[in-house]
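Going down the list, the protein sequences come from chains A and B.
To convert, note that position 242 of the first sequence is 242 in our numbering; the numbers rise steadily by one, no gaps.
To convert, note that position 6 of the second sequence is 6 in our numbering; the numbers rise steadily by one, no gaps.
Don't be surprised by glycine CBs; every beta carbon is placed ideally from N, CA and C.
The structure under discussion appears below in the form of structure tokens.
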Amino acid sequence: MGVIQVQEPGLFTTVQDLGREGFGAIGVSASGAADAVSLRLGNRLVGNDEGAAGLEMTLLGGTFVFPERALLALTGSDFDAALDGKPVELRSSFEAKAGQTLRLGPTRTGARCYLCVQGGIRVELFLGSASTHILSGLGGHEGRALRKGDALKIGAESGAIHERRLSARALNELQPRKVLRVTEGPQSDWFSESARRLFYESRYRVAEESNRMGIRLEGAIVPVPSGGEMISEGVSLGAIQVPEGGKPIILSVEQQTTGGYPKIANVISVDFHSLGQLRPRDEIRFERVDWETARSLLIEQEKLLASKDVLV
Amino acid sequence: MGYTFARMVTSAGEGARFQWASDQSLLVYFGQKITLQAHQQVRKLLRLLELEPVAGVRNLHPAYCSLLVKFDGLRLRHDEVEAILRRYFERLEEIKLPEPRLVEIPVCYGGEFGPDLAEVCAIHGLIPAQAIELHASAEYLVYFLGFVPGFAYLGELPEALVTPRLAVPRRRVPAGSVGIAGNQTGVYPFSTPGGWRLIGRTPVAMFRAEREGFSLLAIGDRVRFAPISAERFGELEKEWA
């Protein structure tokens, strides 16, 4: 079985797959790759099941040594990757020969880059998933971000090595967006008409304290509804809650399972991967869509992801 | 029923109400108040959905008087989920909930473990021994687990201890901290940010990957807190490490 030796971990690198759904009743949120589309495509490029575990790097990538030959792919944002000093192409599979070093740098585009390896990364599953849940220190590699000197096991190779790349169509249609589409939130009518207008007409800036739990926004203060008594309730991925103080927070993959702030809107599922690519200081805004649009966009995106046209 | 632009609210009968939460989830509300009856309804629906899972439903997040149902939007539409849930509602009466377990949680109150105990006492004109006696004398109900893995929302706090949460939440609350907020109390399973007033700490792990069921507490459990000394805290911490 092959390994990946972590020479430099990067700023914040964790093992992630598509997360663990089904444990909301004990307070465990799904977690998983913040940009699940990129992880799925990376796995497709190396011939894995799309839910195999890969490495999620944040803002600054790591340096990894492959003692044995491995088929790799990098997806998501451009972290200026080089294999033994030679630049490697993003979103296309490539081979690391025994002893080669893959070095990534700071991002040139969005927040996260995914490294997928044929066979997937092998860690002990927690509640059926390899995803790291940082807050509780569970899952992934010892429940934490990678450190210098870690060695990660690679699963058995799943077949012949064949290099592939993403199609232009997939690249174009799955480009991360800065205008996030949303549906009405469960408490949207608690907010005044002017508060809602302000929310939809304003540009928001992603705050530094954003992480896998939530994306904090700076910009126009949304007047918080008064009067209604909010009782804590279950919250969905992409929920946009407005706490006292009026600075919206978008819940991300390692979200709390319940919350007590009113939610003005919810990012639609096809834009979740865009949330995973938001960096501090990025500017975003919100665009309201109806339920049918959200649904047909989801069907379209999944059709594209499932099609053969994704890879060439 | 067609999809519209607006926020979607529909009556579900039996006093329940549906609220679409996102394009792949909806909330079921059993009233808009924290009541024992609403809690029982939430538990019964949760139990029925666990016993007879609906294909395409991915996750369930119970809370005081609501249940968030997350589903696969490729397999189910909101109105289909609503129709299925309506049929489940008709059977809630037949659901027998298991007898509640009584779980005792040892707590070392005050001092460095309960940095807000003094202020809570000042607010209510109590001495620490009285506040501790009040907190430890009540039997609490686990309304639900939420926020983070294993965090149990416990109620009701004795009237004389009801205290608003901190104006500015702490960035880091140590794991095991016992807090109060409004008429709720709870134990932080992990070191997380938090705005509840901390009155003590338990050496018991609230959530463990190695434990069956993972969480010490489950929805519907009964809980009592037992005061222990700092010395005993140290012993138990070592014993359970």
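| Asked | Found |
| --- | --- |
| Min CB distance Ala-16 (chain B) to chain A below 9 Å | no |
| Inter-stretch contact at 8 Å, needing at least 3 Cβ pairs: the stretch 66-76 of chain B / the stretch 201-214 of chain B | no |
| Runs of alpha helix (DSSP H) wholly within the stretch 73-103 of chain B (minimum 4 residues, chain order) | 78-89 |
| C-alpha distance - Ser-66 (chain B) paired with Asp-150 (chain A), whole-angstrom precision | 43 Å |
| Spatial neighbours of Ile-95 (chain B) in its chain, beta-carbon cut-off 6 Å, leaving aside the 5 residues before and after | Lys-44, Arg-47 and Leu-48 |
| Three-state secondary structure assigned by DSSP to Glu-218 (chain A) | strand |
| Cβ-based burial, Pro-248 (chain A) [other Cβ within 10 Å; buried from 16] | buried |
| Contact with chain B by Ala-239 (chain A), beta-carbon distance below 9 Å | yes |
| Length of the line joining the Cα atoms of Met-1 (chain A) and Asp-49 (chain A) | 18 Å |
| CB contact flag (Leu-74 (chain A), Val-88 (chain A), <9 Å) | yes |
| Reference Leu-298 (chain A); option with closest CA among B:Gln-24, B:Ala-226 and B:Leu-161 | B:Gln-24 |
| For Lys-247 (chain A), three-class secondary structure by DSSP | coil |
| Within chain B, partners of Phe-126 (chain A) - CB distance below 7 Å | Ala-209 |
| Close-in-space but distant-in-sequence residues of the same chain around Arg-165 (chain A) (CB under 8 Å, 5 per side omitted) | Leu-45, Glu-89, Arg-91, Ser-92, Ser-93, Leu-311 and Val-312 |
| Positions along the stretch 164-195 of chain B whose CB lies within less than 8 Å of some CB in chain A | Pro-189, Phe-190 and Thr-192 |
| Member of B:Leu-236, B:Ser-229, B:Leu-51 and B:Val-168 whose CA lies at the smallest distance from the CA of Gly-245 (chain A) | B:Val-168 |
| Nearest residue (CA-CA) to Arg-62 (chain A), options A:Tyr-114, A:Val-182, A:Ser-192 and A:Ala-53 | Contrary to the premise, residue 62 (chain A) reads as Gly rather than Arg in this sequence. It is A:Tyr-114. |
| Whole runs of the beta strand (DSSP E) within the stretch 257-282 of chain A, excluding any shorter than 3 residues | 263-267 |
| Interfacial residues, the stretch 58-70 of chain B to chain A, with Cβ spacing under 8 Å | Arg-58, Asn-59, Leu-60, His-61, Pro-62, Ala-63, Tyr-64, Cys-65, Ser-66, Leu-67, Leu-68 and Lys-70 |
| For Gly-155 (chain B), the nearest candidate out of B:Ala-129, B:Val-187 and B:Pro-174 (CA to CA) | B:Val-187 |
| is_contact[Leu-298 (chain A), chain B] using C-beta, thresh 9 Å | yes |
| Minimum Cβ-Cβ distance from Val-267 (chain A) to chain B less than 9 Å | yes |
| Continuous beta strand (DSSP E) stretch holding Trp-190 (chain A): start and end | No beta strand (DSSP E) holds Trp-190 (chain A); DSSP gives it neither H nor E. |
| Among B:Ala-63, B:Trp-196 and B:Leu-102, nearest to Thr-258 (chain A) - alpha-carbon criterion | B:Ala-63 |
| Beta-carbon spacing of Val-15 (chain A), Ile-134 (chain A) below 9 Å | no |
| Integer Cβ distance of Glu-139 (chain B) from Arg-224 (chain B), believed to fall under 8 Å | 6 Å |
| Sequence-distant residues of its chain with Cβ nearer than 6 Å to Val-289 (chain A) (five each side left out) | Arg-181 |
| Identity of the residues DSSP links to Gly-105 (chain A) by a beta bridge | Looking at the DSSP assignment, Gly-105 (chain A) forms no beta bridge with any residue, so it has no partner. |
| Positions along the stretch 122-155 of chain B whose CB lies within less than 8 Å of some CB in chain A | Phe-144, Leu-145, Gly-146, Phe-147, Val-148, Pro-149, Gly-150, Phe-151 and Tyr-153 |
| Alpha-carbon spacing of Leu-68 (chain B) relative to Gly-139 (chain A), whole angstroms | 24 Å |
| Buried/exposed call for Ser-38 (chain A), threshold 16 Cβ in 10 Å | buried |
| C-beta contact flag for Val-28 (chain A) and Ser-136 (chain A) at 9 Å | yes |
| Paired residues, beta bridge with Tyr-204 (chain A) - DSSP | A:Ile-284 |
| Boundaries of the alpha helix (DSSP H) in which Ile-219 (chain B) is found, first to last residue | Premise fails: Ile-219 (chain B) is in no alpha helix (DSSP H) and is neither H nor E. |
| Helix, strand or coil at Ala-38 (chain B) [DSSP, three-state] | helix |
| Min CB distance Gln-100 (chain A) to chain B below 9 Å | no |
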